[in-house]
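Each remark here refers to the structure printed beneath this line.
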Amino acid sequence: MKKILMSVMVIGIATAFLGAGTFAYFTDTEISTGNTFTAGTIDIDIDGQNPWTGSFTFDDIKPCRVEYITFTINNVGNNPVNVFKHIKNVECTDGDTTYSDASSESEYTDCGGEFDVNGNPTGQGYVAKNNIHKWIIYDMSVKVYARTGGLLWWQVIYDEDSDLTVKDITCFYVQLGMIPVGGYMVVTQSYHMKAETGNWAQGDTMTFDIEVYGEQLNGPEQMGLQLVPKMEEGGEWHIDWTSYNAGTKGQLEYNIKGSAFDYDFTGTAPLANTDYCLIYYADPYKGNNPGALIDCGTTDASGGITLIGSIDLGMDLPHADDANYPGGAKIWLVTSADYNSDAKTTGPMTGWNPDNYLFELGYIVYDDIDV
């Protein structure tokens with residue numbers, strides 16, 4: 001009897017599984033078709049050349065004389081691009097290699113060369129000098145224009161008063177700023193041979209390469225945006241390199257698209273133990289067009305400050321009411337005392353003490369996907 005019951009149970013279980021396959025269920029299936037990811041492009045040309053084949057030659061540079069190199073970087077890709085300039089492969093030669101071939105008697109004498117009783121060079125004491133890159137002062141400025149040709153942004157990167165030479169700026173990338181899609185940047189450089197350059201430099205030659213590098217926003221060379229100290233002289237704003245080289249600067253990492261603006265700022269402000277605010281400054285003054293408060297914090301005893309978080313700005317950067325639209329947005333670090341942080345998204349400046357701030361070194365763009 002037990003065996004019969006067991007058999008019936010087994011059969012019943014098997015029948016249940018068999019029956020399960022015959023039931024119907026209500027269903028609905030949706031299929032998304034034709035999905036595509038297309039890589040964007042980062043592409044620049046220089047003076048309409050892609051690749052760049054231009055070169056610059058100056059055959060008669062002298063003390064107190066200024067020579068200029070100007071070129072235009074065009075953003076011909078379909079993304080905003082951060083651009084950098086790099087002077088590299090600098091080589092200086094004496095022009096001639098032996099005392100008897102010195103470019104002039106003045107050069108020979110200034111390099112310690114001696115003469116015999118008949119006034120002929122003996123070669124004794126002559127030591128060639130070939131370092132004119134230490135004696136050529138360098139300055140550079142940039143102007144960024146929109147596709148339509150309107151001036152968006154300009155910056156004196158190095159000015160003559162900084163007394164930086166070609167040697168000082170060799171072998172590292174200098175951030176020039178951001179070029180919007182379809183826009184262009186005019187880069188102007190000048191080379192001034194110092195007035196005190198001696199006759200030892202006669203006939204000397206300096207050769208070098210100029211490399212221009214374009215990178216997507218938030219790329220690895222310059223993650224995010226640098227904020228730097230600036231100063232005004234003669235109506236022009238330029239980087240305060242004394243403060244910059246002393247460590248006063250900041251670095252902002254951010255997302256360029258999202259439902260919230262994610263930020264990670266680390267830097268050293270001009271003032272220690274002071275309340276600061278990281279803001280979106282929308283021109284014109286007072287920056288509330290509409291502008292936005294991103295975050296506030298207090299510097300430590302060394303001026304150090306870190307601000308990390310996420311905020312729903314409720315708008316793209318730049319906003320359409322910003323005078324810099326559509327080129328890009330300015331991000332500043334300003335003292336809380338000079339900013340109406342209670343105004344949140346409007347946040348007008350209430351004071352103006354720029355020596356205490358950090359300013360943008362180029363614009364940013366941010367796409368709020370919810371607006």
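First residue of the sequence shown: 1, per our numbering; consecutive thereafter. Virtual Cβ for every residue (Gly too), placed ideally from N, Cα, C. Note that the structure is a prediction, hence the values are computed from the model and not measured.
Taking Cβ to Cβ, would you say residue i is nearer than 9 Å to residue j?
{"i": "Ile364", "j": "Gly267", "result": "no"}
{"i": "Val76", "j": "Leu217", "result": "no"}
{"i": "Gly291", "j": "Tyr280", "result": "yes"}
{"i": "Ala282", "j": "His319", "result": "yes"}
{"i": "Asp59", "j": "Asn130", "result": "no"}
{"i": "Ala272", "j": "Asp300", "result": "yes"}
Since I believe residue j is in contact with residue i (beta carbons under 8 Å), could you give me their beta-carbon distance rounded to a whole number of angstroms?
{"i": "Asp139", "j": "Ser190", "result": "5 Å"}
{"i": "Ile305", "j": "Ala329", "result": "The Cβ separation is near 21 Å, so there is no contact."}
{"i": "Asp368", "j": "Asp321", "result": "Contact doesn't hold; Cβ gap of about 15 Å is too wide."}
{"i": "Gly214", "j": "Val66", "result": "Not really, about 28 Å apart at Cβ, beyond 8 Å."}
How would you write the range of the beta strand (DSSP E) that residue i sits in, first residue to last?
{"i": "Tyr244", "result": "No beta strand (DSSP E) contains Tyr244, which is instead part of the alpha helix (DSSP H) from Trp241 to Asn245."}
{"i": "Cys45", "result": "It should be noted that the sequence gives Asp, not Cys, for residue 45. That run of the beta strand (DSSP E) goes Ile44 to Ile46."}
{"i": "Ile308", "result": "Gly304 to Ile311"}
{"i": "Trp154", "result": "Leu151 to Tyr158"}
{"i": "Asn75", "result": "Val66 to Asn75"}
{"i": "Met193", "result": "Tyr184 to Met193"}
{"i": "Val174", "result": "Val174 to Ile179"}
{"i": "Phe261", "result": "Phe261 to Thr268"}
{"i": "Val228", "result": "Leu225 to Val228"}
{"i": "Tyr254", "result": "Lys249 to Tyr254"}
Alpha carbon to alpha carbon, what distance is there between residue j and residue i?
{"i": "Ile132", "j": "Met193", "result": "8 Å"}
{"i": "Trp153", "j": "Val186", "result": "11 Å"}
{"i": "Glu253", "j": "Asn288", "result": "23 Å"}
{"i": "Lys88", "j": "Thr350", "result": "45 Å"}
{"i": "Met206", "j": "Thr57", "result": "10 Å"}
{"i": "Asn199", "j": "Gln155", "result": "35 Å"}
{"i": "Lys143", "j": "Ile137", "result": "21 Å"}
{"i": "Thr274", "j": "Tyr244", "result": "19 Å"}
{"i": "Thr188", "j": "Leu176", "result": "11 Å"}
{"i": "Gly314", "j": "Asn255", "result": "15 Å"}
Pull the bridge partners of residue i from the DSSP assignment, please.
{"i": "Asp209", "result": "Lys88"}
{"i": "Tyr276", "result": "Gly297 and Thr335"}
{"i": "Ile137", "result": "Thr165 and His192"}
{"i": "Val373", "result": "Limits of the chain in this structure are 1 at one end and 371 at the other, which puts residue 373 out of reach."}
{"i": "Lys257", "result": "Asp367"}
{"i": "Val142", "result": "Gln155 and Val187"}
{"i": "Leu361", "result": "In DSSP, Leu361 forms no bridge with anything."}
{"i": "Met349", "result": "Tyr339"}
Is residue i near the ligand ADP, with its Cβ less than 8 Å from a heavy atom?
{"i": "Gly250", "result": "What this structure holds is no ligand at all, so the ligand ADP is not there to describe."}
Specify, as a first and last residue, the run of the alpha helix (DSSP H) that residue i falls within.
{"i": "Ser106", "result": "Glu105 to Asp110"}
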